[in-house]
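Below is one structure, written out as C-alpha cells; the observations come after it.
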Amino acid sequence: EDAAFKGCKNLKICQIRKKTAPNLLSEALADSVTAIFVPLGCSDSYRTKKKWETFAFIEGEPLTVNVQIGKMGSLASELLRAGFQPKDVNFLTVEGKMDEADFTLIRDYMPNLVSIDMTNSNATAIPDYTFTQKKYLLNVRLPQELRSIGQRAFSGCGRLCGTLVLPASVTAIEYGAFMGCDNLRYVLATGNKITTLGDNLFGESQGKIIYKEKQ
412 EDAAFKGCKN LKICQIRKKT APNLLSEALA DSVTAIFVPL GCSDSYRTKK KWETFAFIEG
472 EPLTVNVQIG KMGSLASELL RAGFQPKDVN FLTVEGKMDE ADFTLIRDYM PNLVSIDMTN
532 SNATAIPDYT FTQKKYLLNV RLPQELRSIG QRAFSGCGRL CGTLVLPASV TAIEYGAFMG
592 CDNLRYVLAT GNKITTLGDN LFGESQGKII YKEKQ
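Counting in the working numbering, the sequence shown tops out at residue 626, every number present.
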C-alpha cells in the first residue's frame with residue numbers, strides 16, 4: 412500500500428517470496444536503504460517492473476555467517492570449512508585474526524555483502540578499495556583497534572547509511588574513503604588521535620565527520 416513502511420529508517424532487509432514483483436505504491440519502501448531478497452532467477456522480473464527499477468535485488472535466501480579465524484587460519488579457509496561460497500554471504504561477522512588476504516577476499520569475491528561486523532577482529536587497517544562499490548552494503552562495524560582507513564575504502568557504497576562509528580584508535584583516513592556514500596549521514600570519531608584526513612573524503616559533501624564530545 413501507499414507509504415506502508417514510510418519513515419521506517421531501520422527497515423534494511425525485505426524478503427519477498429513471490430517470483431513476480433508485486434505492485435509497489437508510492438513511498439512504500441525506501442530504495443536507498445533497503446536490500447530486497449527475491450527468489451533465485453527473479454531479479455530481472457523485479458527490476459523491469461515499474462517503481463522497482465532503483466532497488467538493489469539479491470537472489471536467494473539471506474545468508475548469515477559467523478567466523479572465528481585462528482592464528483594460522485584465513486577467512487577463505489573458514490568459509491570453505493563451513494561449506495559457504497564467499498559470493499553467497501550477505502551478513503558476515505569476523506572475530507580473531509584478519510590480514511590483507513582476508514580483505515582481498517572481501518574486495519574481490521564478496522559482492523553481495525549487506526552487513527559486516529569486524530568489532531572483535533584484530534585488524535588495524537582497512538586496505539585501499541576494500542569495500543568499493545559494494546552496492547548492497549548497509550551496515551559496517553569496524554575493528555576495535557583500527558588505526559587507518561585506506562583510499563576509497565568505502566567509495567561508491569551508496570546504501571551505507573546512518574552513522575559509522577570510528578574507534579578511538581583511528582589516526583588516518585585516506586583520500587576519498589567515503590566518496591559516493593550519499594546515504595551515510597555521519598562518521599563519528601570517538602577519539603582525538605586523527606592526524607591524517609585525506610582530500611575528498613566524501614566527494615562533494617562536506618562536514619560529515621563529527622567528534623564525540625568529551626564527558
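Just so it is clear, CB atoms sit at the ideal spot from N, CA and C, and this is done for glycine as well. Values in this document were obtained by computation on a predicted structure and should not be read as measured data.
Contact between I424 and V551 does not hold, since the beta-carbon distance rounds to 15 Å and is not under 8 Å. Around the beta carbon of P433, fewer than 16 other beta carbons lie within 10 angstroms, which makes this residue exposed.
Apart from the 5 residues on each side of it in sequence, K498 sits with its Cβ closer than 7 Å to the Cβ of Y520, M521, P522 and N523 in its chain, given in chain order. Annotation: I605 to P578 spans about 11 Å, alpha carbon to alpha carbon. A Cβ-Cβ separation of about 7 Å places I537 in contact with L557 under the 8 Å criterion.
Within the stretch 460-501, the runs of alpha helix (DSSP H) that reach at least 4 residues and sit entirely inside it are, in chain order, 486-493.
C-alpha of M590 to C-alpha of S566: approximately 5 Å in a straight line.
Looking only at A493, F502, A534 and G494, the smallest Cα-Cα distance to D513 is reached by A534. Unbroken alpha helix (DSSP H) runs of no fewer than 4 residues, entirely contained in the stretch 518-561, are not found.
Rounded to the nearest whole angstrom, the CA to CA distance from V576 to Y622 is 10 Å.
Counting other Cβ atoms within 10 Å of its Cβ, K429 stays below 16 and is therefore classed as exposed.
According to the DSSP assignment, R563 belongs to no beta strand (DSSP E), since it is labelled neither H nor E. Listed in chain order, the non-local C-beta contacts of P473 below 6 Å within the same chain comprise F448 and N501, local neighbours out to five positions each way being set aside.
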